[in-house]
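Residue numbers are given in UniProt numbering: position 125 of the sequence shown equals residue 125, and the series is strictly consecutive. Each residue gets a CB set at the ideal place from its N, CA and C atoms; glycine is no exception. Bear in mind the structure is a predicted one, so any value in this text is a computation, not a measurement. Quick notes on the structure that follows.
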Amino acid sequence: MSDFRQRLWALTAASRHAGGSTIERHHHEDHQLVYVSDGVLAVETSAGNWVASKDRAVWLPAGTWHAHRFYGSSMFHAIGFARERPPLPDTAPTIVAVTPFLRELLIAAADTSLPPAETTRIRAVLRDQLRRSAQQPLSLPTPRDPRLADACALASAEPAVSIPLGELARQVGASERSLSRLFREELGMSYPQWRTNLRLLEAMILLSGGTSVTHTARQCGWNTTSSFIDTFRRALGTTPGDYRARAADGRA
Numbered sequence: 001m002s003d004f005r006q007r008l009w010a011l012t013a014a015s016r017h018a019g020g021s022t023i024e025r026h027h028h029e030d031h032q033l034v035y036v037s038d039g040v041l042a043v044e045t046s047a048g049n050w051v052a053s054k055d056r057a058v059w060l061p062a063g064t065w066h067a068h069r070f071y072g073s074s075m076f077h078a079i080g081f082a083r084e085r086p087p088l089p090d091t092a093p094t095i096v097a098v099t100p101f102l103r104e105l106l107i108a109a110a111d112t113s114l115p116p117a118e119t120t121r122i123r124a125v126l127r128d129q130l131r132r133s134a135q136q137p138l139s140l141p142t143p144r145d146p147r148l149a150d151a152c153a154l155a156s157a158e159p160a161v162s163i164p165l166g167e168l169a170r171q172v173g174a175s176e177r178s179l180s181r182l183f184r185e186e187l188g189m190s191y192p193q194w195r196t197n198l199r200l201l202e203a204m205i206l207l208s209g210g211t212s213v214t215h216t217a218r219q220c221g222w223n224t225t226s227s228f229i230d231t232f233r234r235a236l237g238t239t240p241g242d243y244r245a246r247a248a249d250g251r252a
């Protein structure tokens, strides 16, 4: 077997993981696309936190340090891509929207029992689909400034509680103006935008675990279920009810 093929096969696998299980922090010399055909996968990187589910995969460029945590029984699929031939931009991790066709390609490409010739053909189609796939920016970037990191940790501890920016600033020893500037400069968004992303990612985990839409809205800090549905649809292109139903199909 060539060194080239060995490199890709080392990063390509499919495995079942129990809810709560983890894969410790590590990195690869080549690129990797990770996906769960059922369950939920939280991916922590130095660039931020990302959530993979039935309709979202996470692209990890070569050299990206990352760790995994699974929520609910999850079927994990990982596909390696050579460092020299990335099918997606290799500058930073990103979320890739997974269509039904792309889902079947990802599952097949991670099946190491297939003959090499068949795998080669599947990977060629997979590359074509990835190049024209939609990339979704929903993530939680990692803060660098200690004051901003402390503020994000405080807000993350209770997503349902709307802590005013001024109160966060007081608790971390910064002015409200300075903390607002740090959110925009380091994370590329305002504090309310960051807090919405935090709540949406938490909602994805709860919905994939079977939590009702109404209870998820309440747990994640929305005042009304209707406002939660509207925000979720605008951010992810689907309603929380449909998202929860697709996750239930995967668990079944």
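DSSP three-state assignment for residue i, whether helix, strand or coil
{"i": "TRP194", "result": "helix"}
{"i": "HIS77", "result": "strand"}
{"i": "ARG246", "result": "helix"}
{"i": "ARG132", "result": "coil"}
{"i": "THR214", "result": "helix"}
{"i": "ILE107", "result": "helix"}
{"i": "ILE23", "result": "strand"}
{"i": "ARG181", "result": "helix"}
{"i": "THR45", "result": "strand"}
{"i": "ALA160", "result": "coil"}
{"i": "SER175", "result": "coil"}
{"i": "THR231", "result": "helix"}
{"i": "GLY72", "result": "strand"}
{"i": "ASP150", "result": "helix"}
{"i": "SER139", "result": "coil"}
{"i": "ARG83", "result": "coil"}
{"i": "GLY209", "result": "coil"}
Same chain, Cβ closer than 7 Å to residue i, five either side skipped, listed in chain order
{"i": "SER175", "result": "ALA169"}
{"i": "ASP111", "result": "ALA14"}
{"i": "ARG195", "result": "ALA155"}
{"i": "THR225", "result": "VAL213, THR214 and ALA217"}
Closest by C-alpha distance to residue i, when choosing among the options
{"i": "LEU11", "options": "LEU33, SER162 and SER139", "result": "LEU33"}
{"i": "SER139", "options": "GLY173, VAL96 and ARG132", "result": "VAL96"}
{"i": "PRO89", "options": "ALA67, ARG132, GLY39 and ILE122", "result": "ARG132"}
{"i": "ARG83", "options": "SER74, THR64 and HIS77", "result": "THR64"}
{"i": "SER53", "options": "PHE70, GLU44 and PRO61", "result": "PHE70"}
{"i": "LEU200", "options": "MET189, LEU182, GLY221 and SER113", "result": "GLY221"}
{"i": "ALA157", "options": "ARG184, GLU104, ARG25 and GLN219", "result": "GLN219"}
{"i": "MET75", "options": "TRP59, SER21, HIS31 and ARG85", "result": "SER21"}
Between the CA atoms of residue j and residue i - distance to the nearest angstrom
{"i": "PRO159", "j": "PRO100", "result": "32 Å"}
{"i": "LEU207", "j": "ALA247", "result": "8 Å"}
{"i": "THR231", "j": "HIS66", "result": "28 Å"}
{"i": "THR120", "j": "GLU29", "result": "21 Å"}
{"i": "ARG56", "j": "ALA124", "result": "20 Å"}
{"i": "THR214", "j": "PRO240", "result": "10 Å"}
{"i": "ALA151", "j": "GLU202", "result": "18 Å"}
{"i": "GLY173", "j": "ARG147", "result": "7 Å"}
{"i": "THR238", "j": "PRO192", "result": "22 Å"}
{"i": "THR45", "j": "SER178", "result": "25 Å"}
{"i": "ILE163", "j": "SER113", "result": "51 Å"}
{"i": "ALA245", "j": "ARG181", "result": "39 Å"}
{"i": "ASP242", "j": "ASN223", "result": "21 Å"}
{"i": "ASP128", "j": "ALA117", "result": "17 Å"}
{"i": "ARG25", "j": "TRP50", "result": "14 Å"}
{"i": "GLY210", "j": "LEU236", "result": "18 Å"}
{"i": "ALA149", "j": "ASN197", "result": "16 Å"}
Close beta carbons around residue i, own chain, < 6 Å, minus the five adjacent residues each side
{"i": "PRO141", "result": "GLY48 and LEU187"}
{"i": "ALA92", "result": "ALA47"}
{"i": "ILE122", "result": "ALA108 and ALA109"}
{"i": "ARG233", "result": "THR239"}
{"i": "ALA42", "result": "VAL51 and ARG69"}
Beta-carbon proximity list for residue i, same chain, < 8 Å, skipping 5 on both sides
{"i": "LEU130", "result": "LEU33, PRO87, LEU88, VAL96 and LEU102"}
{"i": "LEU106", "result": "LEU33, TYR35, SER37, ALA57, HIS77, ILE79, VAL98 and LEU126"}
{"i": "SER73", "result": "ARG16, HIS17, ALA18, GLY19, ASP38, GLY39 and ARG251"}
{"i": "ARG144", "result": "GLU186"}
Residue i: CB within 7 Å of a non-hydrogen atom of the ligand NAD
{"i": "LEU106", "result": "Looking for the ligand NAD in the displayed structure turns up nothing, as the structure carries no ligands at all."}
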